[in-house]
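Chains as they are written, first to last, in the working numbering: chain A, 1 to 600; chain B, 601 to 992.
Have a look at the structure below, then the notes.
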Amino acid sequence: MHTARIRNFSIIAHIDHGKSTLADRLLEYTHTVPDRRMEEQVLDSMDLERERGITIKSHAIRIDYNAKDGKSYILNLIDTPGHVDFTYEVSRSLAACEGVLLLVDASQGIEAQTISNLYLALEANLTIIPVLTKIDLPASNTSLVGEELCELLDVLPDELILTSAKEGIGTEEILESIISRIPPPVADDNDKLRALIFDSMYNTYRGVIIYTRVFEGSVKAGDIIKFFTSGNRYEVDEVGYLRLDFIPAKDLQAGEVGYIIANIKRIEDAKVGDTITQAEDPATKPLPGYRDFKPMVYSGLYPTDNDDFEDLRDALSKLKLNDASLFFEPETSVALGFGFRCGFLGMLHLDIIKERLSREYGMNLIATVPNVEYRVDLKTGEEITIDNPSMLPDPVRIDAIEEPFVEAEIITDNEFIGNVMQLIMQRRGEYKTTEYIDPAKVMIYFTAPLSEIIFDFFDKLKSITKGYASLDYKFTGYKPSDLVKLDILINDDPVDALSSIIHRDKSYLWGQRLCSKLRELIPRQLFEVKIQAAIGARVVSKSKVHALRKNVTAKCYGGDITRKRKLLEQQKEGKKKMKQVGNVSLPQEAFFAILEIEKV
Amino acid sequence: MKEYPEKKELGLYIHIPFCERKCRYCSFYSIPYDERLVLEYCDSIVEEIRLHKNTIKKYKLISLYIGGGTPSVIPLNILTEFIVRIKKNINILNKSEFTIEVNPNTLTERKIKTYRELGVNRISVGVQSFNDTELKFLGRIHTASQAVDCLKRLIKSGIDNVSIDLIYGIPEQKLENWANTIREAISYNVKHISVYNLSYDKGTKLFEDLTKNKFKKVNFIKEEFMFFFMLAFFKEKGFLHYEISSLAKSEKYRSKHNLNYWQDGEYLGFGASAHSYLIDNKNCHQRWGNISNVDKYIDRIKNNESPKCFAETLNNDELLREYLMLRLRLIEGFSLREFDRIFGAEIKRKLISKLDFFIDNCLLQESGGMLSIPNNRLFVSNEIIALLLSKL
Numbered sequence: 001m002h003t004a005r006i007r008n009f010s011i012i013a014h015i016d017h018g019k020s021t022l023a024d025r026l027l028e029y030t031h032t033v034p035d036r037r038m039e040e041q042v043l044d045s046m047d048l049e050r051e052r053g054i055t056i057k058s059h060a061i062r063i064d065y066n067a068k069d070g071k072s073y074i075l076n077l078i079d080t081p082g083h084v085d086f087t088y089e090v091s092r093s094l095a096a097c098e099g100v101l102l103l104v105d106a107s108q109g110i111e112a113q114t115i116s117n118l119y120l121a122l123e124a125n126l127t128i129i130p131v132l133t134k135i136d137l138p139a140s141n142t143s144l145v146g147e148e149l150c151e152l153l154d155v156l157p158d159e160l161i162l163t164s165a166k167e168g169i170g171t172e173e174i175l176e177s178i179i180s181r182i183p184p185p186v187a188d189d190n191d192k193l194r195a196l197i198f199d200s201m202y203n204t205y206r207g208v209i210i211y212t213r214v215f216e217g218s219v220k221a222g223d224i225i226k227f228f229t230s231g232n233r234y235e236v237d238e239v240g241y242l243r244l245d246f247i248p249a250k251d252l253q254a255g256e257v258g259y260i261i262a263n264i265k266r267i268e269d270a271k272v273g274d275t276i277t278q279a280e281d282p283a284t285k286p287l288p289g290y291r292d293f294k295p296m297v298y299s300g301l302y303p304t305d306n307d308d309f310e311d312l313r314d315a316l317s318k319l320k321l322n323d324a325s326l327f328f329e330p331e332t333s334v335a336l337g338f339g340f341r342c343g344f345l346g347m348l349h350l351d352i353i354k355e356r357l358s359r360e361y362g363m364n365l366i367a368t369v370p371n372v373e374y375r376v377d378l379k380t381g382e383e384i385t386i387d388n389p390s391m392l393p394d395p396v397r398i399d400a401i402e403e404p405f406v407e408a409e410i411i412t413d414n415e416f417i418g419n420v421m422q423l424i425m426q427r428r429g430e431y432k433t434t435e436y437i438d439p440a441k442v443m444i445y446f447t448a449p450l451s452e453i454i455f456d457f458f459d460k461l462k463s464i465t466k467g468y469a470s471l472d473y474k475f476t477g478y479k480p481s482d483l484v485k486l487d488i489l490i491n492d493d494p495v496d497a498l499s500s501i502i503h504r505d506k507s508y509l510w511g512q513r514l515c516s517k518l519r520e521l522i523p524r525q526l527f528e529v530k531i532q533a534a535i536g537a538r539v540v541s542k543s544k545v546h547a548l549r550k551n552v553t554a555k556c557y558g559g560d561i562t563r564k565r566k567l568l569e570q571q572k573e574g575k576k577k578m579k580q581v582g583n584v585s586l587p588q589e590a591f592f593a594i595l596e597i598e599k600v
Numbered sequence: 601m602k603e604y605p606e607k608k609e610l611g612l613y614i615h616i617p618f619c620e621r622k623c624r625y626c627s628f629y630s631i632p633y634d635e636r637l638v639l640e641y642c643d644s645i646v647e648e649i650r651l652h653k654n655t656i657k658k659y660k661l662i663s664l665y666i667g668g669g670t671p672s673v674i675p676l677n678i679l680t681e682f683i684v685r686i687k688k689n690i691n692i693l694n695k696s697e698f699t700i701e702v703n704p705n706t707l708t709e710r711k712i713k714t715y716r717e718l719g720v721n722r723i724s725v726g727v728q729s730f731n732d733t734e735l736k737f738l739g740r741i742h743t744a745s746q747a748v749d750c751l752k753r754l755i756k757s758g759i760d761n762v763s764i765d766l767i768y769g770i771p772e773q774k775l776e777n778w779a780n781t782i783r784e785a786i787s788y789n790v791k792h793i794s795v796y797n798l799s800y801d802k803g804t805k806l807f808e809d810l811t812k813n814k815f816k817k818v819n820f821i822k823e824e825f826m827f828f829f830m831l832a833f834f835k836e837k838g839f840l841h842y843e844i845s846s847l848a849k850s851e852k853y854r855s856k857h858n859l860n861y862w863q864d865g866e867y868l869g870f871g872a873s874a875h876s877y878l879i880d881n882k883n884c885h886q887r888w889g890n891i892s893n894v895d896k897y898i899d900r901i902k903n904n905e906s907p908k909c910f911a912e913t914l915n916n917d918e919l920l921r922e923y924l925m926l927r928l929r930l931i932e933g934f935s936l937r938e939f940d941r942i943f944g945a946e947i948k949r950k951l952i953s954k955l956d957f958f959i960d961n962c963l964l965q966e967s968g969g970m971l972s973i974p975n976n977r978l979f980v981s982n983e984i985i986a987l988l989l990s991k992l
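Following this line, the structure appears as structure tokens:
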């Protein structure tokens with residue numbers, strides 16, 4: 001097929017603006033998915049994605065569409081995640097497209113991630129088709145949001161597509177405008193092969209499956225391909241395009257989106273962002289790849305039972321096969337034993353990995369307090385980076401500690417400006433400017449330390465704005481701050497995994513709150529548990545959990561053993577989820593206690 | 601001389617789920633007394649026993665326990681015929697322990713005499729307390745003076761092996777009242793005492809009233825004190841504390857029937873909601889329980905259907921859990937050698953490798969190859985067992 005009949009596009013939107021539902025409608029309308037296999041969020045194959053109603057991984061699918069002009073077209077849809085944590089995944093998908101549908105929920109209006117995704121699309125020089133969704137909702141203000149959107153994009157009102165994915169309104173119009181407005185890929189089959197890896201997944205039987213967009217040349221089974229980064233060569237087993245399943249094809253030509261299977265056993269060998277070329281007749285230059293992502297949040301993951309260390313390594317390696325953004329390396333903790341320091345894109349990412357480890361791999365885990373990465377200037381002139389608070393050197397050796405800062409923007413109703421300003425100040429933020437998007441809606445710009453933004457800021461923001469706020473931020477660089485290490489001692493022994501780095505001004509209050517939070521979270525046990533918070537040698541707060549007095553089955557006769565055994569099994573499972581530190585069993589939640597305390 | 605392989609031991613339990621009135625705290629299955637139903641029920645039990653006749657023959661019967669409910673509500677003529685019919689099917693030896701549970705208010709001299717004639721050699725009296733206020737709170741049908749009369753009658757009757765149940769941790773129970781109850785308990789030459797901590801089981805009236813805040817639970821510190829005070833008192837009086845909630849005047853008065861439960865012995869339970877445990881000839885450990893409804897139980901037996909409502913074959917993990925759960929209820933604990941024999945060297949090594957923590961922290965003790973929970977830790981035994989299991 002000629003490339004004139006191909007369109008590669010993506011859907012971008014703020015989280016919850018109906019992206020997956022729209023994708024469902026497009027697939028339904030074009031009969032891409034057989035009716036019997038159609039279900040909600042059909043592209044979201046992970047259980048977690050369906051449960052949480054979000055897209056975590058990007059997905060690609062090929063749609064055949066018979067347009068009104070009588071010709072048939074191939075539309076390659078690449079679905080993208082909407083949460084701020086996964087911006088990295090979005091930019092990957094966009095590099096494989098010529099155009100995007102920019103979705104805005106008519107009941108919500110323009111939100112922070114609408115703007116940041118728009119930046120990504122403009123950066124990638126893509127055609128943007130604005131789409132207003134959920135126009136059927138009673139709460140929708142279609143004309144006002146439509147006006148805002150036209151103004152933002154400098155387009156005329158008739159270029160705006162109005163849809164209700166739930167009602168199926170506007171589906172055909174979208175398909176038609178994809179064909180009329182998004183340019184076909186510019187490509188030449190005769191050039192040397194250059195194909196971009198925009199995603200990959202691991203299949204136990206077939207090895208790594210590469211999701212690729214061929215920019216120039218073509219690739220077919222039997223070809224020997226080469227990766228630019230590693231230089232590794234592989235013989236192509238199979239190529240094809242993506243429906244719900246993998247559909248083998250003769251070849252993949254310039255402009256096309258599809259998959260390549262080449263008996264690749266390690267995901268690292270097929271790095272996302274890398275360029276594939278023919279080994280025998282290589283292109284001279286790779287495609288512009290992606291900037292290497294940097295994890296934003298670090299946390300130590302430890303098996304509650306040290307014997308499970310290798311199982312955890314195995315599980316993490318398997319997850320990494322399908323999630324290139326996951327970073328991990330072994331570390332040891334005095335309190336927790338052997339585990340892994342892991343880097344994540346954000347808190348949601350961390351949450352999802354934790355949940356997948358427990359659900360898909362049955363791991364009982366302790367995750368330590370998440371933290372950002374710090375730079376420490378030592379008096380010797382040396383500079384070190386630490387991603388684990390317990391590694392902070394003795395204060396006397398430290399000249400300065402620098403922490404990551406972000407530029408952030410909040411979109412909210414102007415009635416909440418006061419509340420938002422106050423929150424920004426409490427979080428050591430520095431206000432920059434405010435822009436009015438319309439008379440009622442404002443965009444507030446500020447900078448703040450990442451550590452103040454990344455954990456619970458958004459929840460707080462939602463609660464002080466009755467839910468009418470959205471947030472986006474990007475990392476800008478490191479700046480020095482007056483930071484100290486807050487240690488927690490359990491029965492007089494410091495528990496390294498509970499240490500955190502915080503601003504000196506907040507340390508005293510946090511110490512107190514952390515102690516009382518821990519007292520709530522640590523269940524009574526066989527011994528009294530003494531909890532202290534300390535900065536250096538100075539104890540700033542203490543509390544205690546009294547010893548358990550009673551846990552005994554009074555009656556145990558009549559031969560009904562089963563019920564009692566099951567009760568005991570439950571107790572045992574509860575204990576298994578806890579980590580033994582000295583003679584104290586700490587529940588998983590205790591290691592996250594600092595996230596639960598009032599931060600102000 | 602021809603050698604016979606020694607027969608395995610078996611305990612039998614018969615559940616009589618009839619009561620004059622349901623106690624407020626009772627979570628066992630029971631219904632009001634109904635003579636027509638009792639007759640049918642007894643027929644069904646005899647039939648169920650008959651079905652297991654051949655299995656029972658392979659064993660040596662060490663105990664027969666008629667529990668409830670309130671077995672003593674059954675009129676003597678019905679009970680007599682019932683026992684006689686049972687005895688036609690199974691061979692109850694004279695030295696087998698044969699217990700019947702009774703309520704203090706229904707135990708007449710004639711009853712005691714008949715029980716003896718039927719072979720009963722151990723009587724378990726549901727005294728619970730010697731304080732009328734407490735008895736009323738518990739919803740018991742009898743009074744303290746009826747309990748005293750009943751115990752005196754038993755002394756007179758010549759039944760040697762009398763056991764009583766006591767309950768502590770009753771809301772508003774004063775320490776001095778508890779002290780009175782345990783002092784009173786040893787005035788009637790009882791040979792065995794079971795002491796239970798009042799528990800609030802879901803589905804009981806007591807639990808419901810607790811959730812409605814009709815009263816306040818006794819706090820743990822007081823309960824703990826009551827428990828250890830009681831132990832010290834009875835031990836001082838020469839009682840042997842052999843299981844968390846059981847004391848016996850001497851070794852021979854330990855409850856054989858209950859010991860069998862705790863020592864992984866086999867038993868068959870008959871009647872509604874009765875439980876059974878058998879190790880079959882393939883060495884599979886089978887547990888099952890009968891349906892908890894008298895009418896349905898009778899129907900199923902009549903229709904030649906199985907009265908079971910659940911059955912399970914224990915896997916090694918479950919066996920291990922039960923073993924530790926039950927054995928560590930015994931004050932002597934269990935022998936590491938026996939543990940090795942049952943579970944094999946690998947699990948034993950694992951156990952040994954985790955023991956230091958427990959022994960260093962006085963959660964377990966080892967002496968003469970026996971592993972047990974130290975006395976002062978008995979009140980948190982479940983916590984210790986659960987912790988131990990979580991490490992294995």
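In this text, a Cβ means the ideal position worked out from N, Cα and C, and glycines have one as well.
What you are looking at is a predicted structure, and each value in this text was computed from that prediction instead of being measured.
Below 8 Å on C-beta distance, what does residue i contact in chain A?
i, result
"Arg-887 of chain B", "Ile-561, Thr-562"
"Glu-918 of chain B", "Arg-565"
By Cβ distance, which residues of its chain are closer than 7 Å to residue i, with the 5 residues on each side in sequence left out?
i, result
"Ile-786 of chain B", "Lys-837"
"Lys-517 of chain A", "Ala-593, Glu-596, Ile-597"
"Asp-251 of chain A", "Ser-218, Val-219, Lys-220, Val-239"
By the criterion of Cβ-Cβ separation under 9 Å, what are the contact partners of residue i in chain A?
i, result
"Met-1020 of chain B", "Here chain B comprises residues numbered 601 to 992, so residue 1020 of chain B is not present and cannot be evaluated."
"Tyr-867 of chain B", "Gly-559"
Once the 5 residues before and after residue i are set aside, which same chain residues still bring their CB inside 8 Å of it?
i, result
"Lys-602 of chain B", "With a pLDDT of 45 at Lys-602 of chain B, under the threshold of 50, the predicted position of this residue should be treated as unreliable, and no value is reported."
"Asp-383 of chain A", "In the sequence on display, residue 383 of chain A carries Glu and not Asp. Excluding positions up to five away in sequence, the list reads Arg-375, Val-376, Asp-377."
"Ala-165 of chain A", "Gly-18, Thr-21, Leu-22, Asp-24, Arg-25, Thr-133, Lys-134, Thr-171"
Can you pull the DSSP bridge partners for residue i?
i, result
"Ile-759 of chain B", "Its beta-bridge partners do not exist; DSSP assigns none."
"Leu-878 of chain B", "B:Gln-886"
Within its chain, find whatever has a CB closer than 6 Å to the CB of residue i; leave out the 5 residues flanking it on each side and keep chain order.
i, result
"Ser-846 of chain B", "Ser-794"
"Val-334 of chain A", "Asp-496"
"Met-1 of chain A", "Here Met-1 of chain A scores only 49 on pLDDT, less than 50, and its place in the model is too uncertain to base an answer on."
"Phe-1043 of chain B", "Look at the range of chain B in this structure, 601 to 992, and you will see that residue 1043 of chain B is not part of it."
"Ala-747 of chain B", "Pro-704, Val-727"
Since residue i contacts residue j with CB under 8 Å, what's their CB separation in whole angstroms?
i, j, result
"Val-239 of chain A", "Ile-267 of chain A", "Going by Cβ atoms, the distance from Val-239 of chain A to Ile-267 of chain A rounds to 19 Å, so no, they are not a contact pair."
"Val-104 of chain A", "Thr-114 of chain A", "6 Å"
"Leu-126 of chain A", "Glu-98 of chain A", "6 Å"
"Gly-669 of chain B", "Phe-618 of chain B", "5 Å"
In chain A, which residues lie less than 7 Å from residue i when you measure between Cβ atoms?
i, result
"Arg-937 of chain B", "Neighbours of Arg-937 of chain B on chain A: none; closest Cβ ~24 Å, over 7 Å."
For a contact defined as C-beta to C-beta under 8 Å, what are the partners of residue i on chain B?
i, result
"Arg-549 of chain A", "Phe-820, Ile-821, Glu-823, Glu-824, Phe-979, Val-980"
Residues of chain C with a CB under 7 Å from the CB of residue i: which are they?
i, result
"Gln-278 of chain A", "No chain C is present in this structure, whose protein chains are A and B."
Residue i touches chain B at which residues, Cβ-Cβ below 7 Å?
i, result
"Asn-583 of chain A", "Asn-961"
"Lys-575 of chain A", "Ala-986, Leu-987, Ser-990"
Which residues in chain B have a C-beta closer than 9 Å to the C-beta of residue i? List them in chain order.
i, result
"Gln-571 of chain A", "Asn-982, Glu-983, Ile-985, Ala-986, Leu-987, Leu-989, Ser-990"
Quick one: which unbroken beta strand (DSSP E) runs of 3-plus residues sit fully inside the segment 346-419 of chain A? Chain order, please.
365-367, 374-378, 383-386, 398-413
Please give the ranges of any alpha helix (DSSP H) in the segment 835-864 of chain B, keeping only runs that are unbroken, at least 4 residues long and fully inside the region.
856-862
Kindly provide the ranges of any beta strand (DSSP E) runs that are 3 or more residues long and lie completely inside the segment 657-681 of chain B, ordered along the chain.
659-668
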